[in-house]
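Student: Let me begin by handing over the structure; questions about it come next.
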Amino acid sequence: MRNEDQPDIEADKAIDLPASEQPDNLRRNMLRFAALGGAAVVTVRPGIAQAAASAMKCSIPVPDSANSTKWIRNSDGALVAKNTAKSIPGPSSPLAGEDVKNSLRYGTTYPGYTSAQTTTWNKYINNLTVGKQGYTCFASVQNPAN
Amino acid sequence: MEAMRRLYAGYPAPEQGLATLTALIDAPRAWRRWIRPQAAIDGDFTLPGAIPMAIRHGLLAMEMAMNMQVALGERRHLLLHAAAIERGGKALILPGESGSGKSTLAALLGEQGWRLMSDEFVMIDLVTGLALPFPRPISLKNSAIPVMEALIADSSRFGPLLSDTPKGMLRHLRPSARSIAAMDVPAKPALILFPRFGDDAAAAGISQSELFMRMTEGSTNYVALGQPAFETLIEMVRTIPAASFSYPDTATGLAIVEQFCAEAGL
Amino acid sequence: MSAPIYRTDYPADCLTHPLDGLMLVYHRPSGATHFLIDPTSDMLAILAEAPCDADMLARRLCHRIGTELDDEALEVTAQRLEELLDSGLIRAA
Chain A
2 MRNEDQPDIE ADKAIDLPAS EQPDNLRRNM LRFAALGGAA VVTVRPGIAQ AAASAMKCSI
62 PVPDSANSTK WIRNSDGALV AKNTAKSIPG PSSPLAGEDV KNSLRYGTTY PGYTSAQTTT
122 WNKYINNLTV GKQGYTCFAS VQNPAN
Chain B
165 MEAMRRLYAG YPAPEQGLAT LTALIDAPRA WRRWIRPQAA IDGDFTLPGA IPMAIRHGLL
225 AMEMAMNMQV ALGERRHLLL HAAAIERGGK ALILPGESGS GKSTLAALLG EQGWRLMSDE
285 FVMIDLVTGL ALPFPRPISL KNSAIPVMEA LIADSSRFGP LLSDTPKGML RHLRPSARSI
345 AAMDVPAKPA LILFPRFGDD AAAAGISQSE LFMRMTEGST NYVALGQPAF ETLIEMVRTI
405 PAASFSYPDT ATGLAIVEQF CAEAGL
Chain X
5 MSAPIYRTDY PADCLTHPLD GLMLVYHRPS GATHFLIDPT SDMLAILAEA PCDADMLARR
65 LCHRIGTELD DEALEVTAQR LEELLDSGLI RAA
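Protein chains in written order, with the working numbering: chain A, 2 to 147; chain B, 165 to 430; chain X, 5 to 97.
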């Protein structure tokens, strides 16, 4: 369970956890997630790749695990020392790719968090570059085919 | 035929001679049994209405026939519709349909320090996972033609200029002597990039599952090969990084490719 | 008429490989390759343990992944069973 009073809990280091190890609330959401339309069994056929469900199971740790104790500055998403004014800690677990996609595309808020937190974290995410942890997920959520 | 001989100068003589190829050209209906429309020849031509050809495009017909012979005959390799170049024993694979720009990018890089393995088809050995080359003449189209003409002084490497083909202007380019000499030298695939010509410069990482799906789309024989192909492709997506990128012009495309290669250690 | 019982030859006659939270499956009897998205791989695992009908499958599925057995769960289970039937990964008796 996310707890906003404990910002120094280390963010999960692994990006893709096997189903049995994912936080309970994420597993509960999976059934609903699958109900939101789209096929759940995609058969490989040449020429069908465009119709395939994208792998929205990736997630983005904010910040990256090497900097897990840093906070994120509200104005520009840069990483700053813990407890710096006008900055906030990251979420207690990596943000799901699907949530990031929806937030960046439609302005939705990350489940369990406020819109102010969402705005700040998205600034961090939008600054991710090749090589930074989470970049690949970020890049794939920006693909309009996903 | 003289043009054909010149294009293939330096290649070892084919075992069966060219008579086999003629037989293929004369039997378009036989092709239709084996080829799904999506997996057809690199889109120089679509099958219906393209056969038979006018004599002045006989060169092209030979080219297509060879494409098909490869696609139909190979059973020990996973056949990918992709260009490939090699440097330091490692291969960069550029999958894509016609128009993606893969052939032009590969041709350019093949003249700038890389060994061109193929502009069209890459064969992945199902046992070793290595990429095998197939350095046939490169199909240059439209604007790619003057670019390569400016780069390559040896005019004998070019086939005749073919105008008014369904895809516009077409000219074949013989790969470098180095490429031809290394036609049996495999390389380990180390990076997979999906180019898309015509948009602003952008790049996106590709997840393993998406890569698996995209690679099957670009393979003419994945389904037919069954379990060994599944296992080979799993290993590839597990171990080889992949990304897609778009580029507005060739110079930008080349720069993006080199940047990715630097990051991937090619 | 009683509800159909679903059976599967997964994973016994399959090669499976997890990728990005999806399950990639090569189904030997058909030679087809499929991507399975949650909760279908859980559904197949449940049927592999013991064939059952749709209602029982929904019940076991919800228990397995820790959700409520509500109307939505029943509907999702039914939808996904159809897809699994189409794919040849399960059959109904």
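Yeah, the Cβ is synthetic: ideal placement off N, Cα and C, and Gly gets one too.
Using the beta-carbon of each residue, which ones in chain X are nearer than 7 Å to residue 40 (chain A)?
Tutor: Neighbours of residue 40 (chain A) on chain X, chain order: 87.
Student: Taking DSSP as the reference, what is the three-state secondary structure of residue 401 (chain B)?
Tutor: Correct three-state label for residue 401 (chain B): helix.
Student: Interface residues of chain B around residue 125 (chain A) at Cβ under 8 Å?
Tutor: By Cβ distance, chain B contributes nothing, its closest Cβ being about 18 Å from residue 125 (chain A), past 8 Å.
Student: Along chain A, which residues have their Cβ under 8 Å away from the Cβ of residue 38 (chain X)?
Tutor: Simply 42, 43, 44, 45.
Student: Can you tell me the Cβ-Cβ gap for residue 259 (chain B) and residue 280 (chain B), rounded? I've got them flagged as a contact below 8 Å.
Tutor: With a Cβ gap of about 16 Å, residue 259 (chain B) and residue 280 (chain B) do not count as contacting.
Student: Within 10 angstroms of the Cβ of residue 87 (chain A), are there 16 or more other Cβ atoms? Answer buried if so, exposed if not.
Tutor: Residue 87 (chain A) should be labelled exposed.
Student: Taking contact to mean 3 or more Cβ pairs, one atom from each stretch, closer than 8 Å, check whether the region 398 to 409 of chain B and the region 364 to 376 of chain B are in contact.
Tutor: Cβ pair count under 8 Å is three or more, so yes.
Student: Let me check understanding here. Comparing Cα to Cα, which of X:97, X:96, X:86 lies closest to residue 43 (chain A)?
Tutor: Taking only the C-alpha atoms, the option nearest residue 43 (chain A) is X:86.
Student: Please compile the residues from chain X whose C-beta is within a distance smaller than 8 Å of the C-beta of residue 424 (chain B).
Tutor: Within 8 Å Cβ-Cβ: nothing; residue 424 (chain B) doesn't reach chain X, min ~21 Å.
Student: Quick one: list the residues of chain X neighbouring residue 288 (chain B), beta-carbon separation under 9 Å, in chain order.
Tutor: Residues of chain X passing the Cβ test: none, with the nearest at roughly 16 Å.
Student: What do you get for residue 385 (chain B), buried or exposed, if any count of 16 or more other CB atoms within 10 angstroms of its CB means buried?
Tutor: Buried, by the Cβ-count rule.
Student: What is the DSSP secondary structure of residue 213 (chain B), reduced to helix, strand or coil?
Tutor: Any reading at residue 213 (chain B) must be qualified, since the residue scores a pLDDT of 34, below 50, and its modelled position is unreliable; the value itself is stated next. Coil.
Student: Run through DSSP, which three-state label would residue 360 (chain B) get?
Tutor: Of the three classes helix, strand and coil, the one that applies to residue 360 (chain B) here is strand, per DSSP.
Student: Quick one: what's got a C-beta closer than 6 Å to residue 8 (chain X)'s C-beta in the same chain, skipping five residues either side?
Tutor: These residues qualify, in order along the chain: 96.
Student: Residue 95 (chain A) lies in the beta strand (DSSP E); which residues open and close that run?
Tutor: First-last for residue 95 (chain A): undefined, no H or E at that position.
Student: Is the CB of residue 140 (chain A) under 7 Å away from at least one CB in chain B?
Tutor: So, interface residue.
Student: So, helix, strand or coil for residue 378 (chain B), using DSSP?
Tutor: Here residue 378 (chain B) sits in helix by DSSP.
Student: Measure the C-alpha to C-alpha separation of residue 428 (chain B) and residue 255 (chain B) and round it to an integer number of angstroms.
Tutor: Rounded to whole angstroms, residue 428 (chain B) to residue 255 (chain B) spans 11 Å at the Cα level.
Student: What residues in the region 30 to 59 of chain X have a beta carbon less than 7 Å from any beta carbon of chain A?
Tutor: The region 30 to 59 of chain X vs chain A, Cβ under 7 Å: 36, 37, 38, 39, 40, 41, 42, 43, 44.
Student: Which whole-angstrom value describes the C-beta separation of residue 11 (chain X) and residue 43 (chain X), a residue pair presumed to lie in contact below a C-beta threshold of 8 Å?
Tutor: Contact flag wrong, Cβ pair sits at about 18 Å.
Student: Using beta carbons (cut-off 7 Å, strictly below), is residue 84 (chain X) in contact with chain A?
Tutor: It does: the Cβ of residue 84 (chain X) has a partner Cβ on chain A nearer than 7 Å.
Student: Less than 8 Å between C-beta atoms, sequence neighbours within five positions excluded: which residues of the same chain meet that for residue 32 (chain X)?
Tutor: If we look at residue 32 (chain X) and ignore the five residues flanking it on each side, its Cβ neighbours are 17, 18, 19.
Student: Applying a beta-carbon distance threshold of less than 9 Å, which residues of chain B neighbour residue 24 (chain X)?
Tutor: Chain B residues near residue 24 (chain X): 371, 372, 373, 374.
Student: In its own chain, which residues sit with a C-beta less than 8 Å from the C-beta of residue 115 (chain A), not counting the 5 before and 5 after it?
Tutor: Same-chain partners within the cutoff: there are none.
Student: Check whether the Cβ atoms of residue 74 (chain A) and residue 63 (chain A) sit closer than 7 Å, and answer yes or no.
Tutor: Not a contact, by the Cβ cut-off of 7 Å.
Student: Who are the near neighbours of residue 125 (chain A) in its chain, counting only those whose CB is closer than 6 Å to its CB and skipping five residues on each side?
Tutor: Hits under 6 Å: 63, 73, 78.
Student: I want to verify the contact list: residues of chain B whose CB lies under 9 Å from the CB of residue 19 (chain X), in sequence order.
Tutor: By Cβ distance, chain B contributes 391, 394, 395, 398.
Student: Assuming residue 389 (chain B) is part of the alpha helix (DSSP H), what are its boundary residues?
Tutor: From DSSP, the alpha helix (DSSP H) with residue 389 (chain B) extends over 386 to 389.
Student: Would you mind reading off the limits of the beta strand (DSSP E) that contains residue 408 (chain B)?
Tutor: Looking at the DSSP string, the run of the beta strand (DSSP E) that includes residue 408 (chain B) is 406 to 411.
Student: Going by DSSP, what residues sit across from residue 88 (chain A) in a beta bridge?
Tutor: In the DSSP output, where bridge partners are listed per residue, residue 88 (chain A) has A:74.
Student: Using the C-alpha atoms, what's the distance from residue 275 (chain B) back to residue 313 (chain B)?
Tutor: Going by the C-alpha atoms only, they are around 12 Å apart.
Student: Contact defined as beta carbons within less than 8 Å: I believe residue 82 (chain X) pairs with residue 58 (chain X). What is the distance between those atoms, to the nearest angstrom?
Tutor: Correct: roughly 6 Å between the Cβ atoms.
Student: Using a Cβ-Cβ cut-off of 7 Å, state whether residue 14 (chain X) counts as contacting chain B.
Tutor: Output row for residue 14 (chain X): interface = no.
Student: My guess is that residue 380 (chain B) and residue 397 (chain B) are in contact by the Cβ rule of under 8 Å, so how many angstroms apart are they, rounded?
Tutor: Sure, about 7 Å apart at Cβ, within 8 Å.
Student: Grouping DSSP H, G and I as helix and E and B as strand, with all else coil, what is residue 341 (chain B)?
Tutor: Helix at residue 341 (chain B).
Student: Which residues does DSSP pair with residue 83 (chain A) in a beta bridge?
Tutor: According to DSSP, which records beta bridges pairwise, residue 83 (chain A) is partnered with nothing at all.
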